[in-house]
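*Asks:* Okay, so the sequence shown: first residue is 9 according to the numbering used here, each after it adds one.
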Amino acid sequence: SVEMEMDVSFLHGDTVLVETAARHVLLLLTLGAISYWALALREAAHKGRALLPEQKWICAALAGLVFLQDPFSLPKMFYGGVYGALSMACYAAALGTFLAFWLCIIDGLRLSAAEGVGSARFLAPKIAFGVAFALT
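Here's what the structure looks like:
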């Protein structure tokens with residue numbers, strides 16, 4: 009016969025409050041960074057400067073940071089259920105986004121812009137691999 013003992017411990021309320029506050033501060037900082045970056049790219053495009061593909065991909069990485077900060081953490085704490093599933097989906101989407109981002113960056117280093125770094129033919133396999141990774 010095998011006996012197993014399991015201790016269940018819960019976090020103190022203050023710890024959960026600090027974690028939730030920190031998570032939402034980081035979420036707001038990430039949204040601010042996305043806004044600043046998008047405005048900077050828009051201003052550069054209006055001035056006629058060519059945008060590098062890597063500059064556009066950073067927008068995807070910042071979106072991945074939003075998913076990583078778990079925007080559904082408060083409803084998940086109070087209601088559970090579907091919000092827990094949405095929380096897990098956000099985490100998987102963040103990992104898939106980061107994977108696709110780094111695949112684009114690494115593969116883009118060996119190619120020049122003239123070779124179609126920003127084309128759909130270049131991006132499609134990496135995005136598909138990131139989506140497949142997030143779904144598994």
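A virtual CB, placed ideally from N, CA and C, is assigned to each residue, including glycine.
Determine the direct distance from the alpha carbon of lysine 55 to that of leucine 7, and round the result to whole angstroms.
*Replies:* Summary: the structure shown does not reach residue 7, with the chain confined to residues 9 through 144, and so no result is reported for it.
*Asks:* Does the separation of the CB atoms of glycine 72 and threonine 105 fall below 8 Å?
*Replies:* yes
*Asks:* Just curious, the alpha helix (DSSP H) that threonine 144 is in, first and last residue?
*Replies:* Segment: none, threonine 144 is in no alpha helix (DSSP H) and carries neither H nor E.
*Asks:* Tell whether a beta-carbon distance below 8 Å holds between glycine 138 and alanine 100.
*Replies:* no
*Asks:* When you compare each of Ala41, Ala68 and Pro79 to arginine 31 by their alpha carbons, which one comes out closest?
*Replies:* Pro79
*Asks:* Distance, Cα to Cα, valine 74 vs phenylalanine 86?
*Replies:* 21 Å
*Asks:* First and last residue of the alpha helix (DSSP H) that includes lysine 84?
*Replies:* 81–87
*Asks:* Could you check whether threonine 38 and leucine 70 sit closer than 8 Å to each other, using their CB atoms as the reference points?
*Replies:* yes
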